[in-house]
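Heads up: take any position in the sequence shown, counting from 1, add 58, and you land on this note's numbering.
Cβ atoms here follow ideal geometry from the backbone N, Cα and C, with glycine treated the same way.
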Amino acid sequence: MKKLIHNKLVWFCLLIVVVLIVNYYQTERKNEVVFANRSHEKRDDEEKKTESNKEISAPAQSKVFMVDVKGAIQKPSVIECKEGDRVIDVIKLAGGFQKKADVNKVNLAEKISDEMVIYVPLIGEETEVVSASMASTNNNTEKNEAIDINHATQSELEKIPGIGPTKARNILDYIESNGPLTSIEQLDAVNGIGKKSLEQMTPFILIR
59 MKKLIHNKLV WFCLLIVVVL IVNYYQTERK NEVVFANRSH EKRDDEEKKT
109 ESNKEISAPA QSKVFMVDVK GAIQKPSVIE CKEGDRVIDV IKLAGGFQKK
159 ADVNKVNLAE KISDEMVIYV PLIGEETEVV SASMASTNNN TEKNEAIDIN
209 HATQSELEKI PGIGPTKARN ILDYIESNGP LTSIEQLDAV NGIGKKSLEQ
259 MTPFILIR
């Protein structure tokens, strides 16, 4: 009888131990799952914060402008520059002025714009103070508008970059004496107009 009771107690104790062990492992497993979930959530939060910080700290990309630089400079060419640059910055990128450049005719402080033409005249070359955006028609000429030189009045001719009152009068006198122009190159024969002036004028005139 005593042996039977003893065996029952042993089995009962073993059962309790098994139950405790199973319960312990189940609890540990739940803790591991909870810890893993929290770690994953924390990692996701950190990644989101990192991405957000990158977006905030990433500098805005500057626009790239292409500017055509002509006239009395060292390296006439199309220059690539950034938004916010000024004429003086573009001139430096083009190698600087030639010795005979008329610097006083150029607005060095003007901000550039895309597709702008900057023309630097020679000393003694008849032209108004050159705004860098003159090729964008700051001289009362709309962008890409060309003037029919054979039918233009003096005031219309004076709207062309590089043409002042004297050159405009000379063009009219030449046409009156020689008849309508048949090519732009004929303007080279007009008194006061040289190759540099002709290069400056060409985008803004047409022959009809």
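Bridge partners for residue i per DSSP, in chain order?
i: Gly-153; result: Paired residues: none, contrary to the question.
i: Glu-138; result: Met-124
Count the other C-beta atoms from every protein chain shown that fall within 10 angstroms of the C-beta of residue i, then say buried if there are 16 or more, exposed otherwise.
i: Ala-247; result: exposed
i: Glu-168; result: buried
i: Gln-212; result: exposed
i: Leu-264; result: exposed
i: Val-187; result: Only weak support is given to the placement of Val-187: the predicted model assigns it a pLDDT of 48, under 50, and the value that follows is read from those uncertain coordinates. It counts as exposed.
i: Leu-239; result: buried
Give a yes or no on whether 8 Å exceeds the smallest Cβ distance from residue i to chain B.
i: Asn-165; result: Absent from the structure: chain B. Only one protein chain is present.
What three-state label does DSSP hand residue i in the structure shown?
i: Asp-231; result: helix
i: Leu-239; result: coil
Roughly how many angstroms lie between the CA atoms of residue i and residue j, to the nearest whole one?
i: Gln-258; j: Ile-242; result: 12 Å
i: Ile-176; j: Lys-121; result: 19 Å
i: Glu-173; j: Glu-234; result: 36 Å
i: Val-178; j: Arg-266; result: 29 Å
i: Val-75; j: Glu-104; result: 43 Å
i: Lys-140; j: Lys-217; result: 29 Å
i: Phe-123; j: Asn-236; result: 43 Å
i: Asn-162; j: Asn-208; result: 32 Å
i: Gly-252; j: Leu-245; result: 8 Å
> So does the region 155-174 actually touch the region 214-234, counting three or more Cβ pairs closer than 8 Å?
Replying inline: Verdict: no, contact absent.
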